[in-house]
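Taking this note's numbering, the leading residue of the sequence shown gets 52, the next gets one more, and so forth.
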Amino acid sequence: MRLIGSSGIVLSAFWLFALLSPMLPAQTATSENRERPSQADEVIVITGTKEGAVNLQEVPESISAFDEDKLQGFRITNIEDLRIQTPGLNLTRNGQSTRLYMRGVGTNLDFIGSDPSVTVHQDGVYQSRTAVVLDNFLDVERVEVLRGPQGTLYGRNSIGGTINVISRLPEADAEAGADSELGNYAHRSFTAFASGPTTNENLLGRIAFNKTDHDPYIDVTGDSSADGLADEDSLGAKGTLRYLIKDQAEFILRADYSKTDRSTAAYKPTGLDTAGNPAPLADLLDLPSDPFAMNISYDDPLLETTNFGASAEIRWQLSPAFSLVSLTGYRDTEFTTLEDTDGSNLDILLTEIDERQDQFSEELRLNYGGESLRLVAGLFYLDENHTADTTVNLLGPGLRNNFSVTSDTSAWAVFGRSTIVLNDALHATLGIRYSEEEKDFHNIYTSSNAEGERVNGFVVDQKESWNSWSPTAGIDYRFDNGRMMYFTVSRGFKSGGFNLTSVDAVFDPEYVWSYELGAKLDLTEQFRTNAVLFYYDYTDLQVSDFTRPGVLSISNAASAMSRGIEIENRWALTLDWSLEVNYAYLDATYDEYSAPAGDVSLDVSGHTLNAAPEHKLSLATEYFQDLDTGTLTYRMTYFWQDKQYFTAFNSDVSSQESYGLLSASVNFESADDQWEVMLWGENLTNREYSTSSREFPATSVGVTKDIAPPRTFGIKLFYHFL
Numbered sequence: 052m053r054l055i056g057s058s059g060i061v062l063s064a065f066w067l068f069a070l071l072s073p074m075l076p077a078q079t080a081t082s083e084n085r086e087r088p089s090q091a092d093e094v095i096v097i098t099g100t101k102e103g104a105v106n107l108q109e110v111p112e113s114i115s116a117f118d119e120d121k122l123q124g125f126r127i128t129n130i131e132d133l134r135i136q137t138p139g140l141n142l143t144r145n146g147q148s149t150r151l152y153m154r155g156v157g158t159n160l161d162f163i164g165s166d167p168s169v170t171v172h173q174d175g176v177y178q179s180r181t182a183v184v185l186d187n188f189l190d191v192e193r194v195e196v197l198r199g200p201q202g203t204l205y206g207r208n209s210i211g212g213t214i215n216v217i218s219r220l221p222e223a224d225a226e227a228g229a230d231s232e233l234g235n236y237a238h239r240s241f242t243a244f245a246s247g248p249t250t251n252e253n254l255l256g257r258i259a260f261n262k263t264d265h266d267p268y269i270d271v272t273g274d275s276s277a278d279g280l281a282d283e284d285s286l287g288a289k290g291t292l293r294y295l296i297k298d299q300a301e302f303i304l305r306a307d308y309s310k311t312d313r314s315t316a317a318y319k320p321t322g323l324d325t326a327g328n329p330a331p332l333a334d335l336l337d338l339p340s341d342p343f344a345m346n347i348s349y350d351d352p353l354l355e356t357t358n359f360g361a362s363a364e365i366r367w368q369l370s371p372a373f374s375l376v377s378l379t380g381y382r383d384t385e386f387t388t389l390e391d392t393d394g395s396n397l398d399i400l401l402t403e404i405d406e407r408q409d410q411f412s413e414e415l416r417l418n419y420g421g422e423s424l425r426l427v428a429g430l431f432y433l434d435e436n437h438t439a440d441t442t443v444n445l446l447g448p449g450l451r452n453n454f455s456v457t458s459d460t461s462a463w464a465v466f467g468r469s470t471i472v473l474n475d476a477l478h479a480t481l482g483i484r485y486s487e488e489e490k491d492f493h494n495i496y497t498s499s500n501a502e503g504e505r506v507n508g509f510v511v512d513q514k515e516s517w518n519s520w521s522p523t524a525g526i527d528y529r530f531d532n533g534r535m536m537y538f539t540v541s542r543g544f545k546s547g548g549f550n551l552t553s554v555d556a557v558f559d560p561e562y563v564w565s566y567e568l569g570a571k572l573d574l575t576e577q578f579r580t581n582a583v584l585f586y587y588d589y590t591d592l593q594v595s596d597f598t599r600p601g602v603l604s605i606s607n608a609a610s611a612m613s614r615g616i617e618i619e620n621r622w623a624l625t626l627d628w629s630l631e632v633n634y635a636y637l638d639a640t641y642d643e644y645s646a647p648a649g650d651v652s653l654d655v656s657g658h659t660l661n662a663a664p665e666h667k668l669s670l671a672t673e674y675f676q677d678l679d680t681g682t683l684t685y686r687m688t689y690f691w692q693d694k695q696y697f698t699a700f701n702s703d704v705s706s707q708e709s710y711g712l713l714s715a716s717v718n719f720e721s722a723d724d725q726w727e728v729m730l731w732g733e734n735l736t737n738r739e740y741s742t743s744s745r746e747f748p749a750t751s752v753g754v755t756k757d758i759a760p761p762r763t764f765g766i767k768l769f770y771h772f773l
């Protein structure tokens, strides 16, 4: 059963509540006396520039920010949800691993020996493994999405952009709260937090906890005893200690933990090869007509991840102008999966992966803030140790292909950026970064038959290092009315890596030159628009494709180009009603690239880059209604994106046609702010769509495509104890 109780009753209650609420008695006070978060000229504070808390509208960069109210109000529960309202942000998947793309810049390399192109930072600490970047947000104060190359302000290189997840800090005022959520597919979630001073008035503490689970979204038919696919069973915890040293310094100690234990994601065969013709075994496939059902042959699909992190941060105000920040971080990730990789009723492919990774990082940053000069200068060091035991079982011929890999990475960098105030209106920005990275890669590949006899194999033992200079420069002009225009040029760098499936393992770094012309305009108190034109010149782009099961080709495309426009609009139609309209146009193509296709190469010059839809549109609206007992808030989001391709070949079978998603919620908050209740629904039209594909099963059952979540809905109750 997919539903908890009757879906008709829950949906009817949802819409009845929305329709009847305008008839409820209005509050006697007028809305003009209340401050609304929907006002278009609200000040959004960010810290992504590393210059302390600054107004987003005064930063000459492409940044989208989501504060706590927006995250909770629109149920943005993880990074995947950010793509709905963030121009230029997209993603694809490879099972649990997440491939983030920004303006077409990204990578489908998520294996050991490679790095992401769009990075994620948790409270300033870089998270290198893509298997955990979609962990549920817990006790998060703000999320910032920075588009474009990052490096002159950040410790870790990011060629496409970065996502900063900033947790809430404990404050002097005590507070505590909890929320509980129920929904269809037996969805259950419970979250609790407590924060405030300890027995020492200078020592503040905060702790938060979350437990979430739901039944499988995908039914499993046929003879398999698996309960289903794409369920959830996750646990998360986070703790913070903050010690205040008068007005001069503070010491922040953080720790977080998450664990998941569930079935694997769902990749359903299309029955078609990469050219769109029937796959060799298409006639033997049992493909349920229900888009949210599969017939798999494996009985126990398994996915387990454990993610732990801790950091120590010291913020020291050396003088009114100088401050020093030290951020020491440690992260540890474990990842295990057993997957029916062909996703069919036939015994074709079974993949086993067991990974262990840990990393240590140190970032030291000096800030200077004067009247005519602002400066950020830093040093960064990263040491990462990663092991993976990966086995691809070809069940038909009885072959077992095993890769036992160890990859050690050490990276250091020195970086800095200065903003020069030429006059009250004109500012100039100059920055530079020098990076050095070294990877030590060891791989033992063994292919054995059903009797356990070795039939093939190789050993790789290589060490490579790369270095690069990454400059940035910009200028911005601020008009008397607070509006701003800016132009920036910057260079991004991403180090090379290793291919675990090849004896010729090493691949080269990639580079991008970014040119950006933008404007941030508060046209009236009711209307704000931020717009940017960008152009990327991409060289040596790292691209991977499976040439056959268990064999991955990784090469550096000769060149690529990305250009487009992004517009973010916020309009306060009234004091109680706001509308956001965001749009992105993207033209991202390979200039020169011969992509491997089995034993041959195909010229794909002019083809569209992966996960780069030409058009993307999102709308979000909020309406507040005052009642005698509290406030009702109505929210609705609609997201639409154009066709996107998942491989360089731009084949229709490995793509997703244009689609739209509709979500809505109704929230009631009591007048004393002590409790609130929300009715919510997502993907209300039950749209079926995919965010990724796999091509290597095409030689048997055809290309497989993942199944995204169906319609979900539920109710959430929050209570504030303090």
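C-beta: ideal position from N, C-alpha, C; glycine also.
From a predicted model like this one, the values you see are computed outputs, not experimental measurements.
Compute the distance between the beta-carbons of residue i and residue j, then report whether it is under 8 Å.
{"i": "T384", "j": "A182", "result": "yes"}
{"i": "E665", "j": "Y636", "result": "yes"}
{"i": "D642", "j": "A671", "result": "no"}
{"i": "T291", "j": "R305", "result": "yes"}
{"i": "V191", "j": "L122", "result": "yes"}
{"i": "L354", "j": "R407", "result": "no"}
{"i": "I399", "j": "P748", "result": "yes"}
{"i": "A552", "j": "F697", "result": "As written in the sequence, residue 552 is Thr, which differs from the Ala given in the question. No, Cβ-Cβ distance for T552 and F697 is not below 8 Å."}
{"i": "S516", "j": "E487", "result": "yes"}
{"i": "E720", "j": "G681", "result": "yes"}
{"i": "V184", "j": "I114", "result": "no"}
{"i": "A237", "j": "D270", "result": "no"}
Residue i lies in the beta strand (DSSP E); which residues open and close that run?
{"i": "Q123", "result": "That residue, Q123, is in no beta strand (DSSP E); its alpha helix (DSSP H) goes 119–124."}
{"i": "G508", "result": "505–529"}
{"i": "S499", "result": "477–499"}
{"i": "I258", "result": "254–265"}
{"i": "L400", "result": "400–420"}
{"i": "Q178", "result": "176–178"}
{"i": "V717", "result": "710–721"}
{"i": "V183", "result": "It is not in any beta strand (DSSP E) - V183 carries neither H nor E in the DSSP assignment."}
If you draw a straight line from the C-alpha of residue i to the C-alpha of residue j, how long is it?
{"i": "T523", "j": "G657", "result": "29 Å"}
{"i": "L653", "j": "I258", "result": "54 Å"}
{"i": "T590", "j": "L473", "result": "34 Å"}
{"i": "E86", "j": "Y689", "result": "Low per-residue confidence applies at E86: pLDDT is 49, beneath 50, and the placement is therefore not dependable, though the value from the model is reported in the following sentence. For E86 and Y689, the distance between alpha carbons rounds to 26 Å."}
{"i": "F558", "j": "L133", "result": "31 Å"}
{"i": "G3", "j": "S702", "result": "In this structure the chain extends from 52 to 773, so residue 3 is not present and cannot be described."}
{"i": "D337", "j": "S275", "result": "13 Å"}
{"i": "V763", "j": "G234", "result": "According to the sequence provided, residue 763 is Thr. The question's Val does not apply to it. Each residue's Cα considered, the two are about 7 Å apart."}
{"i": "N500", "j": "I483", "result": "53 Å"}
{"i": "F769", "j": "F386", "result": "33 Å"}
{"i": "K289", "j": "L204", "result": "26 Å"}
{"i": "L255", "j": "P248", "result": "4 Å"}
{"i": "A361", "j": "I214", "result": "19 Å"}
{"i": "T580", "j": "N633", "result": "9 Å"}
{"i": "T315", "j": "K101", "result": "38 Å"}
{"i": "F117", "j": "D391", "result": "37 Å"}
{"i": "G548", "j": "S461", "result": "12 Å"}
{"i": "R529", "j": "L477", "result": "7 Å"}
Residue i bridges to which residues according to DSSP?
{"i": "Y308", "result": "A288, F359"}
{"i": "L335", "result": "None, per the DSSP bridge assignment."}
{"i": "P248", "result": "L255"}
Which residues in the same chain as residue i place their Cβ atom closer than 6 Å to its Cβ, once the five residues preceding and following it in sequence are excluded?
{"i": "I303", "result": "R293, E364"}
{"i": "N532", "result": "none"}
{"i": "Y485", "result": "V465, W520"}
{"i": "M74", "result": "Its pLDDT being 37, under 50, M74 is placed unreliably in this model, and the value from its coordinates should be taken loosely. If we look at M74 and ignore the five residues flanking it on each side, it has no Cβ neighbours."}
{"i": "S613", "result": "R154, G155, Y587, A639"}
{"i": "S709", "result": "D693, K694"}
Given residue i, which residues of its chain have a CB within under 7 Å of its CB, disregarding the five upstream and five downstream residues?
{"i": "F509", "result": "Y496, V554"}
{"i": "T128", "result": "N187, F188"}
What are the start and end residues of the alpha helix (DSSP H) that includes residue i?
{"i": "I130", "result": "130–133"}
By Cβ distance, which residues of its chain are closer than 8 Å to residue i, with the 5 residues on each side in sequence left out?
{"i": "R505", "result": "T497, S498, S499"}
{"i": "G322", "result": "P329, A330, A333, L336, L338, V752, G753"}
{"i": "S368", "result": "In the sequence as displayed, the identity of residue 368 is Gln instead of Ser. Only D298, Q299, A300, S374 meet the Cβ criterion."}
{"i": "L446", "result": "D398, I399, L400, L401"}
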